[in-house]
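Beneath this line is the structure, given in structure tokens, with notes to follow.
2 protein chains.
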Amino acid sequence: MQHLILLSLCLLLAASAQAQKPHPCKSPPLMVGRISVTYPKEALFAYERFTYDALGQRVRVRAEGLYQNRSFHDDLLMLFREEVMYEISYRNHSCKKRALKAPFQPIQIPRDAELQAQVIVGSSSGPGQGLLVNNWIGEVPETEGKYFMTFTEFGCLPITSLYYTDKTGWILTSFFDLVIGIEDPQEFFPPEFCATSAAVEEGDVVTDFFQALLRRDDDQ
Amino acid sequence: MQHLILLSLCLLLAASAQAQKPHPCKSPPLMVGRISVTYPKEALFAYERFTYDALGQRVRVRAEGLYQNRSFHDDLLMLFREEVMYEISYRNHSCKKRALKAPFQPIQIPRDAELQAQVIVGSSSGPGQGLLVNNWIGEVPETEGKYFMTFTEFGCLPITSLYYTDKTGWILTSFFDLVIGIEDPQEFFPPEFCATSAAVEEGDVVTDFFQALLRRDDDQ
Chain A
16 MQHLILLSLC
26 LLLAASAQAQ
36 KPHPCKSPPL
46 MVGRISVTYP
56 KEALFAYERF
66 TYDALGQRVR
76 VRAEGLYQNR
86 SFHDDLLMLF
96 REEVMYEISY
106 RNHSCKKRAL
116 KAPFQPIQIP
126 RDAELQAQVI
136 VGSSSGPGQG
146 LLVNNWIGEV
156 PETEGKYFMT
166 FTEFGCLPIT
176 SLYYTDKTGW
186 ILTSFFDLVI
196 GIEDPQEFFP
206 PEFCATSAAV
216 EEGDVVTDFF
226 QALLRRDDDQ
Chain B
16 MQHLILLSLC
26 LLLAASAQAQ
36 KPHPCKSPPL
46 MVGRISVTYP
56 KEALFAYERF
66 TYDALGQRVR
76 VRAEGLYQNR
86 SFHDDLLMLF
96 REEVMYEISY
106 RNHSCKKRAL
116 KAPFQPIQIP
126 RDAELQAQVI
136 VGSSSGPGQG
146 LLVNNWIGEV
156 PETEGKYFMT
166 FTEFGCLPIT
176 SLYYTDKTGW
186 ILTSFFDLVI
196 GIEDPQEFFP
206 PEFCATSAAV
216 EEGDVVTDFF
226 QALLRRDDDQ
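In structure tokens form, the structure reads like this:
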């Protein structure tokens, strides 16, 4: 009888130990926050404020930074369901409308990512002194890319994403000042002066988010 | 009278706003934790466990990693007050004793560092989802180096240190799994087999911590 109790206790502990190991999670569908992007090979260093709605597949990004030693400022509204992207300039009261033929990529840990390590950023010795995070690694077969992602254990919030391919080199994205929810739902409406702007130009198609950020215009 | 009350309220708020701005702080004198070091120019990638005693000016580091594509393992005991460093190998039961002519550098934000930004790593939307940190920048006139440091607001714990000189390129140090206090005070005693080892060799002087880590031996 004692052996049976011991065995069942061991099995129970083994099962809960298995359950304790983190699994890839999905981040909250509504978020606002800030990002810094470092992309040395293209000499792109950007600092962005974003509003993110995974339910409506909408992203608004206000970016500023350096691209090949020239400063830039961008205000982009991406409506993935409508397959349209607006480049907004409040200064010039102008709006460029482009076709957006990119699939919406929610912020999440890929399902086939492997847990590399769970660590505490800072310390668990006192309140407010540390943050429990999980490091995930994996590969993207289509691009022969490798990624290294850090998400919080509680809330599944993105912290950093490091992406590497031979073609691109390293691209480091750091997230901070995240708030769950949308501060202003009108962020996803194009401003009024966009209504009068031209229709989507023929052949002017954006196929991914990075491409959108990298297509600098001289008027900015 | 009302004006006077309003004025004093404004002055009070201004004073507390001034006081709210973080100032360079000193980290706890006793810590254990882990570090990852990335030093691309020397092709050094190390992962270290350390025990740190700023009161006794003693550091024990167990490092493993890659140096110029060769793996290494180090066990170093640095006693800065005694000006001696032990290179310990439990496998070979051997000990190398070296003169350590480097000033002890406590983990701290330099006094003349400037606050770059206060940010939340993760989110403040839920408990356990974020960490309030301060980013500090500054220069080291002697080496013409620049540094970028992140420390927690609560507890003044190190998170990352990015150091740059034209000579060295970037050196990135990330701290994690920090615990305030010393788990085992005997970590600072050299093992018994060190007592029989040779005295400090003439001319075998270590002048800084990095030099100690970079002087790889073939027997390791």
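Note that the protein sequences, when read in sequence, are chains A and B. Under the working numbering, the first residue of the first sequence is numbered 16, with each subsequent residue one higher. Under the working numbering, the first residue of the second sequence is numbered 16, with each subsequent residue one higher. Glycine residues also receive a C-beta, built at the ideal position from the N, C-alpha and C atoms.
1) Would you list, in chain order, the members of the stretch 188–211 of chain A that have their beta-carbon closer than 9 angstroms to a beta-carbon of chain B?
2) I need the DSSP call for proline 200 of chain B, collapsed to helix, strand or coil.
3) When the Cα atoms are used, what is the spatial distance from tyrosine 179 of chain B to cysteine 40 of chain A?
4) Please classify glutamate 207 of chain A: does DSSP put it in a helix, a strand, or coil?
5) State yes or no: is the C-beta of serine 138 of chain B within less than 8 angstroms of the C-beta of leucine 177 of chain A?
6) Just checking: is the beta-carbon of isoleucine 135 of chain B within a distance shorter than 8 angstroms of some beta-carbon in chain A?
7) Under 8 angstroms, Cβ to Cβ, is there at least one residue of chain A near phenylalanine 163 of chain B?
8) Kindly list, in the order they appear in chain C, the residues whose Cβ is closer than 7 angstroms to that of glycine 143 of chain A.
9) Assuming glycine 145 of chain B and isoleucine 135 of chain B form a contact by the criterion Cβ under 8 angstroms, report the distance between their Cβ atoms to the nearest whole angstrom.
10) In the DSSP assignment, find the unbroken beta strand (DSSP E) run with cysteine 110 of chain B in it and report its ends.
11) Touch check for the stretch 79–87 of chain A and the stretch 51–65 of chain A: three-plus C-beta pairs under 8 angstroms?
12) Judging by CA-CA distance, which residue of B:Pro206, B:Ile122, B:Asp181 is the nearest neighbour of threonine 188 of chain B?
13) What does leucine 172 of chain A reach in chain B if we use C-beta pairs closer than 7 angstroms?
14) Our contact map puts proline 37 of chain A next to glutamate 168 of chain A with C-beta atoms below 8 angstroms; I'd like the distance itself, whole angstroms only.
15) Buried or exposed: arginine 75 of chain B, going by 16 or more other Cβ atoms within 10 Å of its Cβ?
16) How big is the Cα-Cα spacing for glutamate 102 of chain A and lysine 116 of chain A?
17) Which whole-angstrom value is the C-beta distance of valine 148 of chain A and isoleucine 174 of chain A, which I expect to be below 8 angstroms?
18) For alanine 78 of chain B, which beta-bridge partners are listed by DSSP?
19) For valine 47 of chain A, I'd like the list of residues in its chain whose CB is within less than 8 angstroms of its CB, leaving aside the five on either flank, ordered along the chain.
20) Beta-carbon separation of proline 205 of chain B and leucine 91 of chain B under 8 angstroms?
21) Relative to the C-alpha of threonine 53 of chain B, which candidate in B:Glu202, B:Phe190, B:Lys111, B:Cys209 has its C-alpha closest?
22) Whole angstroms are fine: how far does the CA of arginine 96 of chain B sit from the CA of asparagine 184 of chain A?
23) Buried or exposed: which applies to threonine 165 of chain B, given that a residue is buried once 16 or more other Cβ atoms fall within 10 Å of its Cβ?
24) According to DSSP, which residues form a beta bridge with aspartate 68 of chain A?
25) Compare the C-alpha of arginine 106 of chain A against each of A:Leu94, A:Val99, A:Pro118, A:Asp89 and name the closest.
26) Alpha carbon to alpha carbon, what distance is there between proline 200 of chain A and serine 86 of chain B?
27) Output the distance between the C-alpha atoms of glycine 160 of chain B and glutamate 98 of chain A, rounded to the nearest integer angstrom.
28) Please specify which runs of the beta strand (DSSP E), each continuous and at least 3 residues long, are wholly inside the stretch 108–181 of chain A, giving them in chain order.
29) Let me know the secondary structure DSSP gives glutamate 57 of chain A once reduced to three states.
30) Would serine 42 of chain A and cysteine 209 of chain A be called neighbours here (beta carbons separated by less than 8 angstroms)?
31) To the nearest angstrom, report how far apart alanine 128 of chain A and glutamine 72 of chain B are at their CA atoms.
32) Taking DSSP's pairing of strands, which residues face tyrosine 101 of chain B in a bridge?
33) To the nearest angstrom, how far is it from the Cα of leucine 94 of chain B to the Cα of glutamate 157 of chain A?
Checking against the coordinates, here is how it stands:
1) Ser189, Phe190, Phe191, Asp192, Leu193, Val194, Ile195, Gly196
2) helix
3) 36 angstroms
4) helix
5) no
6) yes
7) no
8) Considering every chain present, this structure includes no chain C. Its protein chains are A and B.
9) 5 angstroms
10) 109–115
11) yes
12) B:Ile122
13) Gly137, Ser138, Gln144
14) 6 angstroms
15) buried
16) 15 angstroms
17) 6 angstroms
18) B:Glu63, B:Asp89
19) Arg64, Phe65, Thr66, Tyr67, Leu193, Val194, Gly196, Ile197, Glu198
20) no
21) B:Phe190
22) Sequence check: residue 184 of chain A is glycine here, not asparagine. Spanning the two alpha carbons is a distance of roughly 44 angstroms.
23) buried
24) A:Leu45, A:Arg73
25) A:Asp89
26) 53 angstroms
27) 47 angstroms
28) 109–115, 129–137, 145–155, 160–167, 173–180
29) helix
30) no
31) 42 angstroms
32) B:Leu92, B:Lys112
33) 52 angstroms
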